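Student: For the record, the sequence lines run as chains A and B. The first sequence begins at -7 in my numbering and counts up one residue at a time. The second sequence begins at 14 in my numbering and counts up one residue at a time. Ideal Cβ positions, reconstructed from N, Cα and C, are used throughout, including at glycine. Since the model is a prediction, treat every value here as computed from it, not as a measurement. Let me give you the structure first, and then I'll get to my questions.
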Amino acid sequence: MQKLETMLARIQQILDQDPPRAEAAQRCQASARTLAQRFPLVHRSVTAGGPRLSEILAARKLIAKAACTAREVDCGIERVVYFFLGCGAFPEGVVAFLANAAILETNPATYTPFDTGSLEKHTCLREVDASWNGPEKDAFLANYLGFGNEAVPFASEYVAAHFDRPSDYVRRQQRSEPDFPVYHGLVSTSGDRRAWSIEIQLHDDLGLEARHLEAIILGEPDLLADIPDELMESVVVAETEGSITATIHRIIAPEPIV
Amino acid sequence: MNNALPVLDATIIGAMTPPDSKAPFNRASVVVKSADGRIIQVRAYTTEGKVEGPSIGEDDWRVLVATEQAVALPGPASLVSGAALWVLRPNLARRERALQDLRAGGVLLHEHLTGSGDAWLCLVDESRDAASSLRDRWCREAVNGGKMLARAGQWPRAQAEAEVAQAVSRGLDPEVLALLVLTYEGCGRDLRAKGILTMAGRSRGEDFARQVRDCLVLLRHELSAPVGAVLAPLRLRPAAAWKRTARDVADRGNTQALQGLSSERTAA
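Below, the structure is given as structure tokens:
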């Protein structure tokens, strides 16, 4: 697992080789920092094979499951609840939980500037001749895995280094790329944003208490009936199930931030 | 990712709704299968006679049904443009009559099926105006029923009617939400009542939240007036119509209600 200084040094190395990009990063650094400070952790739920909303609410927690890949287990991640930081990069599920990033201060967690699951078969390296098999993927994950409590400071520098307008990190479409090539060199084979969106791996259950939640976004108003009284004021009802991602992005970055 | 299929090539195999729910009514998008085996969750019907929506793998569909996130029909049903599944649950007031309404309105595509927990699964053609009209009528009846029960101080029953109104309502409706708030307060569920008001603003913006609060003031006034008193009807209205409604109330000498509206506006 890598410390923040090591993670940021790699970004700085890329910026040092590209002065116009470094200038662009410098220009939006302050606004990227402000934006990242309000990034929530976004977990889309009620997907195929996952628990139903009524089950989640009965347990009053998002229950950590076994990590998706052995590669993560090898990095010390045994149980996990997956989130994306500051964006709705996972496109499925009729409910989205937006948790306060402050939970990263007190809960064991890690982060990566990509979807760990996508290493398996949905991504490759931009450098076409590079070998990309099990050992290389294992090393890649170990090299880009950071401590969860450092995810937000990392995000502000990462966003500044990759976007002309920081809010574009939040608002980019499912199939999209940053304005500048991703510093780690991973690209999605289908152009999916999960190859560059920051994933948080929370290593424990997350209790669904109002103090942890910025919002619960429902794709259907009839799901209101399932919401317990004490969580009702966290609820946002999206216009349609298809607009959950847009609703997430509206909450995080209602206006473009330059 | 979205995919498309011609309506004529597809049959309905199920819908995206859990077999049971606390809600008395659910509206669910149907899941269709093409002759070549592709499965799509219908998000939209196009004017070119196609359905659009995210594709679902055969295995994923089985998992969705097995984990009770979707219901499968016992056999495939023919698809028409506008088809959706309406689930009438046992806690839906006037459920038998609602089913008769669907039949009489000519919007029921097939005879209903009985699902888990005695839910009635009704494939409905939402492209017909009658389908929307029926939901609006059921909503109106539930609102009126809820108000009548609230006036009589029968708060749990009033709350049940308000929840029916919310479930059958096509989207968030300020008057329905106001009735929910009032009945939750009546049942001593102040936290939920407050939560509904917050949810309204967060979901549709401050103008919408103001409409809910205005409706609440008018509703309180209406319910506090003597039985048989002639009052301005409580109607859903756009924010721009607020002044006119306030004037109507004032013209009838309902100064208390007007003061309530004014203070709400000031607070907002």
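#1: What's the gap between the Cα of A96 of chain B and the Cα of R185 of chain A?
#2: Does DSSP put P67 of chain B in a helix, a strand or coil?
#3: How far does the alpha helix (DSSP H) with S46 of chain A in it reach, from first residue to last?
#4: Strictly under 8 Å for the Cβ-Cβ distance: is A217 of chain A near chain B by that measure?
#5: So is R226 of chain B buried or exposed if we call it buried at 16+ other beta carbons inside 10 Å?
#6: What does a CB cutoff of less than 8 Å around S168 of chain A pick up in its chain, not counting 5 residues either side in sequence?
#7: Given a cut-off of 8 Å, decide if V137 of chain B and L101 of chain B are closer than it, judged by their beta-carbon atoms.
#8: Closer than 8 Å, Cβ to any Cβ of chain A: which residues of the stretch 75 to 97 of chain B, in chain order?
#9: Which whole-angstrom value describes the C-beta separation of L18 of chain B and I53 of chain B, a residue pair presumed to lie in contact below a C-beta threshold of 8 Å?
#10: Residues of chain A with a CB under 9 Å from the CB of R107 of chain B: which are they?
#11: For a contact defined as C-beta to C-beta under 7 Å, what are the partners of T211 of chain B on chain A?
#12: Is any heavy atom of the ligand NAP found at a distance shorter than 7 Å from the C-beta of L136 of chain B?
#13: Just confirm the distance between the C-beta atoms of S180 of chain A and T115 of chain A, as a whole number of angstroms; I'd bet it's less than 8 Å.
#14: Buried or exposed for L21 of chain B, going by 16 or more other Cβ atoms inside 10 Å?
#15: Step through the CB atoms of chain B and report whether any lies within less than 8 Å of the CB of D214 of chain A.
#16: The stretch 16 to 47 of chain B: which residues have C-beta closer than 9 Å to a C-beta of chain A, in chain order?
#17: What does E222 of chain A touch in chain B if you count any residue whose Cβ is under 9 Å from its own?
#18: Measure the CB-CB distance between L90 of chain A and E231 of chain A and report whether it falls below 8 Å.
#19: Determine which residues of the stretch 227 to 238 of chain A have a Cβ less than 9 Å from any Cβ of chain B, and write them out in chain order.
#20: Does the Cβ of A28 of chain B have 16 or more other Cβ atoms within 10 Å, making it buried, or fewer, making it exposed?
#21: Identify the contact partners of G41 of chain A in chain B, using a Cβ-Cβ distance below 9 Å as the criterion.
#22: Evaluate K256 of chain B with the Cβ neighbour count: other Cβ atoms within 10 Å of its Cβ, from every protein chain shown; 16 or more gives buried, anything less gives exposed.
#23: Tell me which residues share the same chain as N39 of chain B and place their Cβ nearer than 7 Å to its Cβ, disregarding the 5 neighbours each side in the sequence.
#24: Please determine, among A:L45, A:D8, A:Y175, A:S159, the residue with the shortest C-alpha to C-alpha distance to M(-1) of chain A.
#25: Measure from the C-beta of R36 of chain A to each C-beta in chain B and report whether the shortest distance is under 8 Å.
#26: Would you list the one or two residues that DSSP bridges to P19 of chain B?
#27: Roughly how far, in whole angstroms, is the beta-carbon of I26 of chain B from the beta-carbon of L98 of chain B, given that I think they are within contact range, below 8 Å?
#28: Compute the Euclidean distance between the alpha carbons of D49 of chain B and T24 of chain B, then round it to the nearest angstrom.
#29: Taking only beta-carbon atoms, is Q179 of chain B less than 8 Å away from chain A?
#30: Measure the beta-carbon distance from S159 of chain A to I69 of chain A and round it to whole angstroms, keeping in mind my assumption that it falls under 8 Å.
#31: Could you run through the stretch 145 to 177 of chain B and flag, in chain order, every residue whose CB is less than 7 Å away from some CB of chain A?
#32: Which term fits P170 of chain A, buried or exposed, when burial requires 16 or more other beta carbons within 10 angstroms of its beta carbon?
#33: Quick one: what's S146 of chain B bridged to in DSSP?
#34: Measure the C-alpha to C-alpha separation of A50 of chain A and K35 of chain B and round it to an integer number of angstroms.
#35: If we define contact as Cβ-Cβ less than 8 Å, is A254 of chain B a contact residue for chain A?
#36: Would you say R52 of chain A reaches chain B, if we count a Cβ-Cβ gap shorter than 8 Å as a contact?
Tutor: In brief:
#1: 33 Å
#2: strand
#3: 45 to 51
#4: yes
#5: buried
#6: G183, R185
#7: no
#8: V76, L77, T80, E81, Q82
#9: 6 Å
#10: Residues of chain A passing the Cβ test: none, with the nearest at roughly 18 Å.
#11: E225
#12: In terms of ligand content, the structure shown is empty, and the ligand NAP therefore cannot be addressed.
#13: 5 Å
#14: exposed
#15: yes
#16: M29, T30, P31, D33, S34, K35, A36, P37, F38, N39, R40, A41, S42
#17: L204, R205, G208
#18: no
#19: V227, V228, V229, A230, E231, T232, E233, G234
#20: buried
#21: D73, V76, L77, A79, T80, Q82
#22: Caution applies to K256 of chain B, whose pLDDT of 40 falls short of 50 and renders its modelled position unreliable; the value that the coordinates give is listed next. When all chains shown are included, K256 of chain B counts as exposed.
#23: T30, V100
#24: A:Y175
#25: no
#26: B:K63
#27: With 8 Å as the limit, I26 of chain B and L98 of chain B do not qualify as a contact, their Cβ atoms being about 11 Å apart.
#28: 11 Å
#29: yes
#30: With 8 Å as the limit, S159 of chain A and I69 of chain A do not qualify as a contact, their Cβ atoms being about 30 Å apart.
#31: E176
#32: buried
#33: Note: S146 of chain B sits in no beta bridge, so no partner.
#34: 13 Å
#35: For A254 of chain B, the predicted model reports a pLDDT of 48, less than 50, meaning its position is unreliable; a value from the coordinates is still stated below. No, its Cβ sits nowhere closer than 8 Å to a Cβ of chain A.
#36: no
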